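**Student:** For reference, the structure I am asking about is given below.
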């Protein structure tokens, strides 16, 4: 949890509480400008000794110690939110977790203190301080808890280290209905926010899942762990640590979901590779889901991954690695999320089972975002052996640092807490008061042959079974990615000598690429995880693996299998080291004709591998891709890949490469973005010979010319005479002109007009404006055109701008992105996430919500009609030419 942004539509209401009583909080913008002039005149008068200075205004009153009132909270239609209790911070701290005990009472935890017990009040009644009982157990810093096996199990994450972090069991020792006995079942070393979190009963009723972030160090694990303990960083090229030092040196496996026996003695790694998961929940089919965090420092880098909903399966790996090393969704050695949410700070999750809500909401998976103050209802649908999902905003508020939510088993209401990091805490209840039926949905498990197949394969995880190879092998080429992953994991758990030759001799290329990936992982050792106990590099196995990979004809593989083959080659080279020059030449001869490829994903892998091999042609090809790539993410990835390349350079190519760094100095991104560009350039300079450094001295010393994001991205339109397009003529053209459009050109227009600077589309783009990946599902072509032609007609609440007038006459315009104590942080340029100003809210004279969109007017004007239609078609398609709209 890192920040507390506000929904801009409620900002005026919120900030009114922090300005002086005689300020007019909703004064029109014109009046605000007059106020600025008046302030300036007043300051000039005050500085003139001959003129009496005006009396100083009184400081605004202290804000009451109350939780966010319900008039600042919005819920889905038909739902009612009640504020039951504002937590007195100085006495009861800041609450982060909720559960019910065996009698239906609420148990809540203070992030830095103890536990409390509350009996939910009847409808319409609030909780009094006397209703909040102190739980006598000597426990603190509980970040997750559940009542199971006739006890309260808690995950302790104690920043202050007053007690060990880890898994505890709390019970009633003498039958007086008071929890007083505390047992530490397993200590887990942890630090900071990303430590020990939720505890969740497993669907078989025999164990618990323990949810941990990437700063919880894995304890000794049972051999029966579902995750093969062969993890590695698996970076062919050296990865770059975070530019601000975050988690530098923290290696795989990252955050882990453990499966733990009730006595805490058996600790299995069930799934790994998470960044910072805080909670997880099980659906009716017995499947586990969680909500994982992003790394906001990485905005606008090629390796940025938004917060996402993950379907957590046995043995799963979700690819978190520190710094620039995160595995992308197209890497075969990790699984993707089922739904990208966007920037945020995930906290609690729960399913709506048992709620007295309409059926749609009873079946929803609820995911909580602390930073943006949102409680999402995620609607999950089966798809093969996994699921797909969509989201809607169920409850939002300003501020609403929401931490946990549960469905009460007796009254069927949802209860949620806000708090964390010592911010003002509160307890709320959500009930349905609309007209739809709230009859409980009959629990019904939807059977799936694909899911049953995956479960069958998962039964081999964590154990050796003579039937595993024969059973799992046919599924290595399954079309279902989760089945394929489960099959490979089953094989990786078996004795190596029982399947290594089979992998090397497999005749089906689709199966062999996955088998070679498994063999490289099991037979090799990642150099960053190598210990003195590991055997020497098996050079004979390296040769067998590479010869097998080279022999595969990629033209016989589908696109994902081609990516799997390239990733397998990378892991072979990473875990077994550089082969002799003859093998290097064979690899270059096989891979070089494939580069460049049609997809950015394939180019990502090929460029890295060929640069590592020192291919003599990759410099020219990579520089051509950088020149043609429409997004800064693509350009940055190619530039990163060739930063240590020494072969194939000409003076002209070298000059073009370092000219790109002058351009990239104007690209914008998260807090570590500039440092990452610097790291790439430093490595590139270090790869130069002394003679090259001397000949390029002037260029290397040149400072970049600063440009805005729009100036930097819009060079394609230079020299054109703009045309002021009307909505009517573009809408008329779109009625019949969207068939057979050029999506590649549409993507180029999206970049050239600066859209990627603020908006995310697919795996690229900014996060300071709405994500447009699914725009085609929300807008018609006419509506999309209207949004661009008339950007201020309808402004997304979350990204509305405000204008703030301070007491000393300064006006700031932008979007509120953070609250911290008395400070309000405003992003004053949506194309630059780091262009921010902090304003003391006690010094605000006036605040208004701007009726002018931050998106500039006239974005279409430099384009031709055909370019605009290509752009609209690209947006509607979601980047998929097979989109239903065009068929």
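In our numbering, the protein residues as written are -15 to 871. Positions of the beta carbon are idealized from the N, C-alpha and C atoms, including for glycine. What you are looking at is a predicted structure, and each value in this text was computed from that prediction instead of being measured.
Do you know how far the Cα of residue 397 is from the Cα of residue 106?
**Tutor:** Against the chain shown, residue 106 aligns to sequence position 122. Against the chain shown, residue 397 aligns to sequence position 413. Roughly 11 Å between the two C-alpha positions.
**Student:** Per DSSP, what are the beta-bridge partners of residue 700 in this structure?
**Tutor:** The residue you call residue 700 lines up with position 716 of the chain shown. For residue 700, which the question treats as bridged, DSSP gives no partner whatsoever.
**Student:** Distance check for residue 127 and residue 409, CA to CA, integer angstroms please.
**Tutor:** One-based indexing of the chain shown puts residue 409 at position 425. One-based indexing of the chain shown puts residue 127 at position 143. Cα-Cα distance, rounded: 15 Å.
**Student:** Could you check if residue 532 is buried or exposed, using at least 16 other CB atoms within 10 Å of its CB as the buried criterion?
**Tutor:** Along the chain shown, read from residue 1 onward, the residue named residue 532 stands at position 548. By the neighbour-count rule (16 or more Cβ atoms within 10 Å), residue 532 is buried.
**Student:** Any idea what DSSP makes of residue 501, helix, strand or coil?
**Tutor:** One-based indexing of the chain shown puts residue 501 at position 517. Correct three-state label for residue 501: helix.
**Student:** Ignore the nearest five residues each way along the sequence and tell me which others in residue 482's own chain have a CB closer than 7 Å to its CB.
**Tutor:** As a position in the chain shown, residue 482 is number 498, starting the count at 1. Hits under 7 Å: 453.
**Student:** Where DSSP assigns a beta bridge to residue 386, which residues make up the other side?
**Tutor:** As a working note, residue 386 is residue 402 in the chain shown. Paired residue(s): 402.
**Student:** Excluding the 5 residues preceding and the 5 following residue 555 in the sequence, name in chain order all residues of the same chain whose CB lies nearer than 6 Å to its CB.
**Tutor:** Taking the first residue of the chain shown as position 1, residue 555 is located at position 571. Result list for residue 555: 218, 504, in chain order.
**Student:** Which residues mark the beginning and the end of the beta strand (DSSP E) in which residue 276 is found?
**Tutor:** Taking the first residue of the chain shown as position 1, residue 276 is located at position 292. Where residue 276 is concerned, the enclosing beta strand (DSSP E) stretches over 272 to 276.
**Student:** Which two residues bound the contiguous alpha helix (DSSP H) that contains residue 560?
**Tutor:** The residue given as residue 560 occupies position 576 in the chain shown. 543 to 560 is the span of the alpha helix (DSSP H), which, as asked, contains residue 560.
**Student:** Need the endpoints of the beta strand (DSSP E) that residue 629 sits in, please.
**Tutor:** The sequence position of residue 629 within the chain shown is 645, counting from 1. First-last for residue 629: undefined, no H or E at that position.
**Student:** How would you label residue 298, buried or exposed, when you count the other beta carbons within 10 angstroms and need 16 or more for buried?
**Tutor:** Counting from 1 along the chain shown, the entry for residue 298 is found at position 314. Counting Cβ neighbours within 10 Å, residue 298 comes out buried, since at least 16 surround it.
**Student:** Figure out for me which residue from 715, 687, 659, 638 has the closest Cα to the Cα of residue 679.
**Tutor:** In the chain shown, the residue the question calls residue 679 occupies position 695. Among 715, 687, 659, 638, the Cα nearest to that of residue 679 belongs to 638.
**Student:** Restricting to Cα atoms, I'd like to know which of 710, 746, 243 is closest to residue 766.
**Tutor:** Taking the chain shown and counting its residues from 1, the one referred to as residue 766 is at position 782. Here the closest residue by C-alpha is 710.
**Student:** Cβ atoms of residue 717 and residue 853: under 8 Å apart, would you say?
**Tutor:** Residue 853 sits at position 869 when you count from the first residue of the chain shown. Residue 717 sits at position 733 when you count from the first residue of the chain shown. Yes, the pair counts as a contact, with Cβ atoms nearer than the cut-off.
**Student:** Following the continuous alpha helix (DSSP H) through residue 584, name the residue where it begins and the one where it ends.
**Tutor:** Counting from 1 along the chain shown, the entry for residue 584 is found at position 600. Note, residue 584: alpha helix (DSSP H), 584 to 597.
**Student:** Which term fits residue 535, buried or exposed, when burial requires 16 or more other beta carbons within 10 angstroms of its beta carbon?
**Tutor:** Locating residue 535 in the chain shown gives position 551, where the first residue counts as 1. By the neighbour-count rule (16 or more Cβ atoms within 10 Å), residue 535 is not buried but exposed.
**Student:** So which of 163, 757, 384, 242 has the shortest CA-CA distance to residue 54?
**Tutor:** Here residue 54 refers to the residue found at position 70 when the chain shown is read from its first residue. That would be 384, whose Cα lies nearest to the Cα of residue 54.
**Student:** To the nearest angstrom, how far is the alpha carbon of residue 193 from that of residue 241?
**Tutor:** Your numbering for residue 193 matches position 209 in the chain shown. Your numbering for residue 241 matches position 257 in the chain shown. Distance between the alpha carbons of residue 193 and residue 241 is about 6 Å.
**Student:** Does the count of Cβ pairs from the region 167 to 186 and the region 139 to 159 closer than 8 Å reach three?
**Tutor:** Contact holds: three or more Cβ-Cβ distances are below 8 Å.
**Student:** DSSP three-state label for residue 515, please.
**Tutor:** Along the chain shown, one-based indexing puts residue 515 at 531. Coil, per DSSP.
**Student:** Mapping DSSP to helix, strand and coil, what is residue 378?
**Tutor:** In the chain shown, the residue the question calls residue 378 occupies position 394. Here residue 378 sits in strand by DSSP.
**Student:** Which two residues bound the contiguous beta strand (DSSP E) that contains residue 251?
**Tutor:** Translated into positions along the chain shown, residue 251 becomes position 267. That run of the beta strand (DSSP E) goes 251 to 258.
**Student:** Near residue 676, which residues of its chain fall below 7 Å by C-beta distance, leaving aside the five closest residues on each side in sequence?
**Tutor:** Locating residue 676 in the chain shown gives position 692, counting from the first residue. Around residue 676: 638.
**Student:** Would you decide whether residue 406 is buried or exposed? Buried here means 16 or more other CB atoms lie within 10 Å of its CB.
**Tutor:** For the purposes of this step, residue 406 is taken as the residue at position 422 of the chain shown. Answer is exposed; the Cβ neighbour count stays below 16.
**Student:** For the beta strand (DSSP E) that contains residue 331, what are its first and last residues?
**Tutor:** The residue labelled residue 331 in the question sits at position 347 within the chain shown. That run of the beta strand (DSSP E) goes 330 to 335.
**Student:** For the beta strand (DSSP E) containing residue 366, list its first residue and its last residue.
**Tutor:** Within the chain shown, residue 366 is the residue found at index 382, counting from 1. From DSSP, the beta strand (DSSP E) with residue 366 extends over 358 to 367.
**Student:** How big is the Cα-Cα spacing for residue 518 and residue 198?
**Tutor:** Position 534 of the chain shown holds residue 518. Position 214 of the chain shown holds residue 198. Rounded to whole angstroms, residue 518 to residue 198 spans 25 Å at the Cα level.
**Student:** Can you give me the C-alpha to C-alpha distance between residue 30 and residue 794, rounded to a whole angstrom?
**Tutor:** What you label residue 30 is simply residue 46 of the chain shown in a count that begins at 1. What you label residue 794 is simply residue 810 of the chain shown in a count that begins at 1. The pLDDT assigned to residue 30 is 37, lower than 50, so where the model puts this residue is not dependable; a value taken from the coordinates is nonetheless given after this. One C-alpha to the other measures close to 16 Å.
**Student:** Closest by CA to residue 110, which one among 651, 399, 606, 856?
**Tutor:** For the purposes of this step, residue 110 is taken as residue 126 along the chain shown, with counting starting at 1. Among 651, 399, 606, 856, the Cα nearest to that of residue 110 belongs to 399.
**Student:** DSSP three-state label for residue 839, please.
**Tutor:** Locating residue 839 in the chain shown gives position 855, where the first residue counts as 1. Residue state, collapsed to three classes: coil.
**Student:** Quick check on residue 346: buried or exposed, where buried means 16 or more other Cβ atoms within 10 Å of its Cβ?
**Tutor:** Against the chain shown, residue 346 aligns to sequence position 362. Per the 10 Å Cβ criterion, buried.
**Student:** Taking residue 252 and residue 206 to be in contact with their CB atoms under 8 Å, please state how far apart those CB atoms are, rounded to whole angstroms.
**Tutor:** Looking up residue 252 in the chain shown gives position 268. Looking up residue 206 in the chain shown gives position 222. Confirmed, Cβ separation roughly 5 Å.
**Student:** Does the Cβ-Cβ distance between residue 549 and residue 497 come in under 8 Å?
**Tutor:** As a working note, residue 549 is residue 565 in the chain shown. As a working note, residue 497 is residue 513 in the chain shown. Yes, the pair counts as a contact, with Cβ atoms nearer than the cut-off.
**Student:** Going by beta carbon distance, what residues of the same chain come within less than 8 Å of residue 467, once the five residues before and after it are set aside?
**Tutor:** What you label residue 467 is simply residue 483 of the chain shown in a count that begins at 1. Closer than 8 Å at the Cβ level, and outside the excluded window around residue 467, lie 368, 369, 434, 437, 438, 441, 459.
**Student:** DSSP has residue 165 in a bridge; who is on the other side?
**Tutor:** Taking the first residue of the chain shown as 1, we reach residue 165 at position 181. Residue 165 pairs with 155.
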